[in-house]
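*Asks:* Heads up: the sequence shown begins at 1 in the numbering used here, then just goes up one per residue.
For each residue, glycine too, the CB sits at the ideal point set by N, CA and C.
Please read these numbers as outputs of a predicted model, since none were measured by experiment.
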Amino acid sequence: MNALFKWTLVCAPMLMASVFATPPSGPRAALLVGNAKYDGFPLNGVGKSLDLVEKTLRDQGYRVTRLENLNEKEFEEAAEAFVGSVPTNGVALFYYLGLGANLERGGKHYNVLRPVGATIASDNDYRSRGLNLTEFIEDLAKTSGARANLLFLDACWESPLLPEKGNVSGGMRAFEPTEGVVATFAADTVKTIAAPESDQPSPLAK
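In structure tokens form, the structure reads like this:
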């Protein structure tokens with residue numbers, strides 16, 4: 001496990017608390033996405049997690065966009081709109097709660113976030129229909145003009161929906177972020193945790 005990922009994992013509650021307790025200077029924009037209504041596998045606690053994060057961010061002066069249960073097209077459009085809306089020299093924060101996976105193709109790894117309503121039977125389906133996290137981060141770092149990009153990825157849940165075709169692992173894979181990007185994961189690299197059984201906020205959201 002690389003040092004950067006270990007820091008973001010172990011210190012996730014501390015990092016979240018510090019972000020919320022000491023508001024960064026300058027304009028702040030946040031995109032919160034919660035995907036819960038997966039066919040055959042609804043996720044608990046998504047609404048309450050978003051409620052908690054949204055309130056805290058608004059109290060700290062963030063302009064918050066909150067979206068739930070996005071399909072493939074909606075997810076892509078939301079990501080593009082957010083990148084284009086972040087003020088220059090501001091702070092961009094992205095919080096995602098839903099299913100995700102890591103794909104390996106040709107020796108390269110891709111973290112992908114899963115939309116709702118998508119039929120995904122292979123790694124190719126996942127890559128073509130999910131939101132490519134690497135591309136999203138690159139867009140934030142290069143296009144948005146934000147001086148700091150904070151990502152909180154609640155996407156490491158155990159799920160029966162992983163496709164059987166292709167090299168697909170549940171959870172997110174640690175990566176060396178672009179300068180100005182801090183990514184925090186809910187679990188160890190390419191590891192999963194049990195999906196919540198109750199309708200309570202996730203640990204990362206608290």
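(1) Where does THR143 fall in DSSP's three states?
(2) Quick one: which unbroken beta strand (DSSP E) runs of 3-plus residues sit fully inside the region 102 to 144? Chain order, please.
(3) Mind checking whether ALA174 and ASP154 have CB atoms under 8 angstroms apart?
(4) Going by C-alpha to C-alpha distance, which of VAL46, LEU131, VAL91 and TYR126 sits closest to ARG105?
(5) Figure out for me which residue from ALA81, PHE82, LEU97 and TYR38 has the closest Cα to the Cα of SER202.
(6) Is the distance from the Cβ of LEU57 to the Cβ of VAL33 below 8 angstroms?
(7) What residue range is occupied by the uninterrupted alpha helix (DSSP H) comprising GLU74?
(8) Given a threshold of 16 other Cβ atoms within 10 Å of its Cβ, counted over all protein chains shown, does GLY84 qualify as buried or as exposed?
(9) Could you check if VAL91 belongs to the surroundings of the ligand MG, using beta carbon to heavy atom distance under 7 angstroms?
(10) Applying the criterion that 16 or more other CB atoms from any shown protein chain within 10 Å of the CB defines a buried residue, is SER49 buried or exposed?
(11) ALA92 to SER198, Cα distance in whole Å?
(12) With H, G and I counted as helix, E and B as strand and the rest as coil, what does DSSP make of ALA208?
(13) Residues in its own chain within less than 6 angstroms of LYS191 by CB, not counting five upstream and five downstream?
(14) What do you reckon, are the CB atoms on GLU76 and LEU113 nearer than 8 angstroms?
(15) Secondary structure at SER198, three-state DSSP: helix, strand or coil?
(16) Who are the near neighbours of TRP7 in its chain, counting only those whose CB is closer than 8 angstroms to its CB and skipping five residues on each side?
(17) Got a sec? Which residues, its chain only, sit under 6 angstroms from ASP139 by beta carbon, not counting five neighbours each side?
(18) Quick check on DSSP: helix, strand or coil for GLU68?
*Replies:* If we stick to the structure as given:
(1) If DSSP states are grouped into helix, strand and coil, THR143 belongs with the helices.
(2) 108 to 113
(3) No. Outside cutoff.
(4) TYR126
(5) LEU97
(6) In this structure, VAL33 does not lie closer than 8 angstroms to LEU57 by Cβ.
(7) 72 to 85
(8) exposed
(9) Absence of the ligand MG is noted for the structure shown, with no ligands found whatsoever.
(10) buried
(11) When rounded, the separation of the alpha-carbon atoms in ALA92 and SER198 is 30 angstroms.
(12) Nothing about residue 208 can be read from this structure; the chain reaches only from 1 to 206.
(13) GLY171
(14) One thing to note: GLU76 has its Cβ no nearer than 8 angstroms to the Cβ of LEU113.
(15) coil
(16) The pLDDT assigned to TRP7 is 35, lower than 50, so where the model puts this residue is not dependable, and the model offers no usable value.
(17) VAL83
(18) strand
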